[in-house]
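Residue numbers (our numbering): 15 to 107. C-beta: ideal position from N, C-alpha, C; glycine also. Notes follow once the structure below has been shown.
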């Protein structure tokens, strides 16, 4: 399979998280179903709640846009650490 751009999540964990986000956005509630095979993902709601809120505010599809948003969030998380490292190393000279 050629390496091409796909809007779908890059690993299988993204699919249940996107489904949980879609469920939260559709119903407006967060519910843990013990009989669900992905109940372990429902017990860790940070990403699902954040992504449901962001997709509702931005009018995005939880499954189609999750890949681009995860890249943006991870790069923004690393940026302050990088800037801190650059400024602390420049002061040491």
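Rounded to whole angstroms, the gap between the alpha carbons of residue 62 and residue 98 is 29 Å. With respect to the C-alpha of residue 48, the residue from 84, 57, 38 having the closest C-alpha is 57. Under the three-state reduction of DSSP, residue 33 is assigned to helix. Taking the Cα of residue 72 as reference, the smallest distance to any Cα among 39, 27, 33, 34 is reached at 39.
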